[in-house]
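S.K.: Taking our numbering, I'd label the letters of the sequence shown as residues 1 to 442. Using N, Cα and C, we set each Cβ at its ideal position, and we do this for glycine too. Sending over a structure as structure tokens; questions will come in a sec.
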Amino acid sequence: MTATERVDLAVADLHPALGDPALTSMNFLNEVSERYPAAVSLAAGRPYEEFFDLAAVHRHLDTFHRHLVDDLGHRPEQARRLLLQYGRTKGIVHHLIARNLAVDEGITVDGEDIVVTVGCQEAMFLVLRALRAGPTDVLLAVAPTYVGLTGAARLVDLPVWPVAGGPSGIDLADLAAQVRRARAAGLRPRACYLMPDFANPSGVSIDTAHRRRLLELAGQEELLLLEDNPYGLFPVDDGPRPPTLKALDTARRVVYLGSFAKTVLPGARVGYVVADQRVAGPDGRVGPFADQLAMIKSMVTVNTSPIAQAVIGGRLLEHGCSLVAANTRERSAYTRNLRHLVAGLARRFPPGADGAAAVRWTVPAGGFFVVVTVPFPVDDALLDRSARDHGVLWTPMAHFYDDTAPVHALRLSVSAVTPEQIDVGLDRLAALITDERARRAG
């Protein structure tokens with residue numbers, strides 16, 4: 001802005017969240033990527049692009065159109081209107097999502113308990129907007145926390161209280177303590193947000209025994225659990241996957257957030273929320289929580305693009321509504337990349353040489369992310385220097401904590417790169433770490 005440029009508004013006069021780091025972090029990371037396009041990006045949690053196929057998009061659309069006519073009995077003009085007109089607020093592929101959840105996750109849910117959203121981000125926003133009823137409401141979230149959740153909470157004026165994660169994925173004693181602490185302060189904890197499978201950013205998973213105890217605790221404390229599961233279909237090892245919290249949920253304690261960005265197509269921007277909790281209205285009628293979320297959605301996005309939904313629906317239909325079956329190639333690529341990155345870290349940072357200053361990293365059982373701990377604080381300035389001087393991008397873990405304390409860790413993503421790019425990126429990361437150690441030592 002020039003010195004003479006007219007200013008019409010001030011950030012101080014807009015919603016307070018607009019100056020919050022949670023809302024600016026994604027833009028900052030994107031800007032760094034744009035400024036250094038030649039840098040190897042181990043930052044983006046985007047899905048693998050090798051299998052993207054534009055022709056398949058048209059095929060999926062045709063498949064869903066045939067489903068409307070042949071399976072659901074719609075007349076041609078009805079099917080055309082359903083795809084091309086404004087649509088049902090709750091969505092038009094809810095029945096297929098219900099089938100997918102039954103096939104892949106063992107979750108039995110009525111299609112009317114599902115709202116199809118514009119990505120999972122809208123699903124989060126709708127749920128938080130509905131739960132935030134007054135100034136005493138707070139949200140609990142396992143730290144480190146996905147920044148999109150923190151940002152959505154800021155926009156609805158819902159404070160986020162961190163709950164310790166740790167190697168088990170969630171510290172149940174700390175969760176109980178935070179609930180008690182909030183209530184002692186006159187606040188009302190509405191829900192706890194978490195990713196039980198290969199969490200973003202930590203990569204940590206919660207085992208089945210802890211999931212059962214978590215559900216018991218939620219029942220005792222009358223607390224909702226917001227289960228976000230974008231990465232659950234990508235374990236490294238074969239064998240049965242742990243049941244989702246929602247599959248174990250017998251008391252409707254879990255609101256389940258889903259996304260097709262990683263499993264079908266991110267450009268479709270289709271997600272969903274399963275909200276089968278029963279809500280009593282002022283007239284005494286009882287309906288699913290999904291109905292309340294749909295009312296909010298009708299004032300936000302009206303409806304999710306029917307054409308985008310049809311692309312997702314067609315992909316589901318072509319694989320018997322199983323995204324496990326639809327993602328065999330993708331899972332293989334992520335497994336290969338994750339193992340390659342972990343092995344590459346071990347070669348470049350052998351144990352024992354540096355004592356307490358050693359570089360350490362997590363070894364997730366699946367998903368996209370590895371967290372690397374280093375012997376110095378990691379911030380945006382270091383990321384900018386990494387991109388400019390060494391040609392490698394990553395994500396500072398400080399973006400996932402809701403305070404300003406220094407964090408000595410960074411997140412690497414394996415989802416959108418090849419093994420060759422991983423090798424180049426790790427070589428450049430090793431050079432950065434060597435330089436930063438020398439700079440701080442000297």
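#1: Residue 373 lies in the beta strand (DSSP E); which residues open and close that run?
#2: Contact between the stretch 300 to 314 and the stretch 121 to 129 is defined here as three or more beta-carbon pairs at a separation below 8 angstroms; is this criterion met?
#3: Cα-Cα, which of 433, 110, 96 is closest to residue 72?
#4: Once DSSP output is grouped into helix, strand and coil, what is the label at residue 226?
#5: I'd like to know if the stretch 302 to 320 and the stretch 62 to 77 are in contact, where contact means that at least 3 CB-CB pairs between them fall below 8 angstroms.
#6: Alpha carbon to alpha carbon, how far is residue 204 from residue 168?
#7: Applying the 10 Å Cβ sphere with the 16-neighbour rule, what's the burial state of residue 390?
#8: Let me know the secondary structure DSSP gives residue 84 once reduced to three states.
#9: Work out the CA separation of residue 349 and residue 130 for me, nearest whole Å.
#10: Can you tell me whether DSSP reads residue 146 as helix, strand or coil?
#11: Could you please give the first and the last residue of the uninterrupted beta strand (DSSP E) stretch that includes residue 404?
#12: Can you name the start and end residues of the alpha helix (DSSP H) that residue 335 belongs to?
#13: On the criterion of 16 or more Cβ atoms from any shown chain inside 10 Å, does residue 259 qualify as buried, or is it exposed?
#14: If you drop the 5 nearest sequence neighbours on each side, which residues of the same chain put their C-beta closer than 6 angstroms to that of residue 322?
#15: Does the stretch 30 to 46 touch the stretch 377 to 393, meaning 3 or more C-beta pairs lie closer than 8 angstroms?
#16: Count the C-beta pairs between the stretch 325 to 333 and the stretch 184 to 204 that are closer than 8 angstroms, then say yes if the count reaches three, no if not.
#17: Counting along the chain, where does the beta strand (DSSP E) carrying residue 192 start and finish?
#18: Considering only the alpha carbon of each residue, which of 429, 27, 277, 330 lies closest to residue 344?
#19: Report yes if the CB atom of residue 147 is closer than 8 angstroms to the CB atom of residue 128, and no otherwise.
#20: By how many angstroms is the C-alpha of residue 250 removed from the C-alpha of residue 165?
#21: Excluding the 5 residues flanking residue 292 on each side, which residues of the same chain have their C-beta closer than 7 angstroms to its C-beta?
#22: Let me know if residue 86 comes out buried or exposed under the rule of 16 or more other beta-carbons within 10 Å of its beta-carbon.
#23: Go ahead and pull the three-state DSSP assignment for residue 259.
#24: How about residue 263 and residue 242: are their beta carbons less than 8 angstroms apart?
#25: Helix, strand or coil for residue 114? Go by DSSP, reduced to three states.
#26: Spell out a yes or no on whether the stretch 273 to 288 and the stretch 4 to 20 are touching, meaning 3 or more CB-CB pairs, one atom from each, closer than 8 angstroms.
#27: For residue 178, which residues from the same chain have a beta carbon less than 7 angstroms from its beta carbon, with the 5 sequence-adjacent residues on both sides left out?
#28: Please report how far the alpha carbon of residue 228 lies from the alpha carbon of residue 384, in whole angstroms.
#29: What's the C-alpha gap between residue 351 and residue 373?
#30: Compute the Euclidean distance between the alpha carbons of residue 284 and residue 27, then round it to the nearest angstrom.
#31: Roughly how many angstroms lie between the CA atoms of residue 381 and residue 442, to the nearest whole one?
#32: Suppose you measure from the CA of residue 253 to the CA of residue 290; what does that come to, to the nearest Å?
#33: At the level of alpha carbons, what is the spacing between residue 416 and residue 44?
#34: Do you know whose CA, among 413, 403, 404, 405, lies nearest residue 395's CA?
M.R.: Based on what the coordinates show:
#1: Taking the first residue of the sequence shown as position 1, residue 373 is located at position 373. Unbroken beta strand (DSSP E) run through residue 373: 369 to 373.
#2: Touching, per the Cβ criterion.
#3: On the sequence shown, position 72 is the one that residue 72 refers to. Here the closest residue by C-alpha is 96.
#4: As a position in the sequence shown, residue 226 is number 226, starting the count at 1. Reduced to three states, the DSSP call for residue 226 is strand.
#5: Below 8 angstroms, enough C-beta pairs join the stretch 302 to 320 and the stretch 62 to 77 to call them touching: three or more.
#6: Locating residue 204 in the sequence shown gives position 204, counting from the first residue. Locating residue 168 in the sequence shown gives position 168, counting from the first residue. Rounded to whole angstroms, residue 204 to residue 168 spans 7 angstroms at the Cα level.
#7: In the sequence shown, counting from the first residue as 1, residue 390 sits at position 390. It counts as buried.
#8: Taking the first residue of the sequence shown as 1, we reach residue 84 at position 84. Residue 84 carries a helical assignment under DSSP once its states are collapsed to helix, strand and coil.
#9: As a position in the sequence shown, residue 130 is number 130, starting the count at 1. As a position in the sequence shown, residue 349 is number 349, starting the count at 1. Just so you know, the alpha carbons of residue 130 and residue 349 end up roughly 47 angstroms apart.
#10: Counting from one through the sequence shown, the residue named residue 146 turns up at place 146. Residue 146 falls in the coil class under three-state DSSP.
#11: Start at 1 with the first residue of the sequence shown, and residue 404 comes out as number 404. In the DSSP assignment, residue 404 falls outside any beta strand (DSSP E), carrying neither H nor E.
#12: In the sequence shown, the residue the question calls residue 335 occupies position 335. Residue range 328 to 348 is occupied by the alpha helix (DSSP H) that includes residue 335.
#13: Locating residue 259 in the sequence shown gives position 259, where the first residue counts as 1. Burial state of residue 259 is buried, judged by a 10 Å Cβ sphere holding 16 or more other Cβ atoms.
#14: Along the sequence shown, one-based indexing puts residue 322 at 322. Same-chain partners within the cutoff: 103, 104.
#15: Yes, the stretch 377 to 393 touches the stretch 30 to 46.
#16: Using a Cβ-Cβ distance cut-off of 8 angstroms, the stretch 325 to 333 and the stretch 184 to 204 are not in contact, since fewer than three pairs of beta carbons, one from each stretch, lie closer than that value.
#17: Here residue 192 refers to the residue found at position 192 when the sequence shown is read from its first residue. Bounds of the beta strand (DSSP E) holding residue 192 are 188 to 194.
#18: Here residue 344 is taken as the residue at index 344 of the sequence shown, counted from 1. Ranking 429, 27, 277, 330 by Cα distance to residue 344 puts 429 first.
#19: The residue labelled residue 147 in the question sits at position 147 within the sequence shown. The residue labelled residue 128 in the question sits at position 128 within the sequence shown. No; because the gap between Cβ atoms is not below 8 angstroms, this pair is not in contact.
#20: Position 165 of the sequence shown, counted from the first residue, corresponds to residue 165. Position 250 of the sequence shown, counted from the first residue, corresponds to residue 250. Residue 165 and residue 250: Cα-Cα distance of roughly 24 angstroms.
#21: Stepping through the sequence shown from its first residue, residue 292 is reached at position 292. So the qualifying residues of the chain are 130, 279.
#22: For the purposes of this step, residue 86 is identified with residue 86 of the sequence shown, where counting begins at 1. That one is exposed.
#23: Mapped onto the sequence shown, residue 259 falls at position 259. It is a strand residue.
#24: For the purposes of this step, residue 263 is taken as residue 263 along the sequence shown, with counting starting at 1. For the purposes of this step, residue 242 is taken as residue 242 along the sequence shown, with counting starting at 1. In this structure, residue 242 does not lie closer than 8 angstroms to residue 263 by Cβ.
#25: In the sequence shown, the residue the question calls residue 114 occupies position 114. Of the three classes helix, strand and coil, the one that applies to residue 114 here is strand, per DSSP.
#26: As far as the Cβ criterion goes, the stretch 273 to 288 does not touch the stretch 4 to 20, which means the pair count is below three.
#27: Residue numbering aside, residue 178 sits at position 178 when the sequence shown is read from its first letter. By the criterion of a C-beta distance shorter than 7 angstroms, residue 178 is surrounded in its chain by 140, 161, 163, once the five residues flanking it on both sides are discounted.
#28: Translated into the one-based positions of the sequence shown, residue 228 becomes position 228. Translated into the one-based positions of the sequence shown, residue 384 becomes position 384. Between the alpha carbons of residue 228 and residue 384 lies a distance of about 30 angstroms.
#29: Stepping through the sequence shown from its first residue, residue 351 is reached at position 351. Stepping through the sequence shown from its first residue, residue 373 is reached at position 373. Distance from the CA of residue 351 to the CA of residue 373, rounded to the nearest whole angstrom, comes to 13 angstroms.
#30: Translated into positions along the sequence shown, residue 284 becomes position 284. Translated into positions along the sequence shown, residue 27 becomes position 27. Spanning the two alpha carbons is a distance of roughly 45 angstroms.
#31: Reading the sequence shown from its first residue, position 381 is the one you call residue 381. Reading the sequence shown from its first residue, position 442 is the one you call residue 442. Approximately 19 angstroms, taken between the alpha carbons.
#32: On the sequence shown, residue 253 is found 253 positions in, with the first residue counted as 1. On the sequence shown, residue 290 is found 290 positions in, with the first residue counted as 1. Here the C-alpha atom of residue 253 lies approximately 14 angstroms from the C-alpha atom of residue 290.
#33: Indexing the sequence shown from 1 puts residue 416 at position 416. Indexing the sequence shown from 1 puts residue 44 at position 44. Answer to the nearest angstrom: the Cα atoms are 7 angstroms apart.
#34: Sequence index remark: in the sequence shown, residue 395 carries index 395 (1-based). Ranked by Cα distance from residue 395, the options 413, 403, 404, 405 are led by 413.
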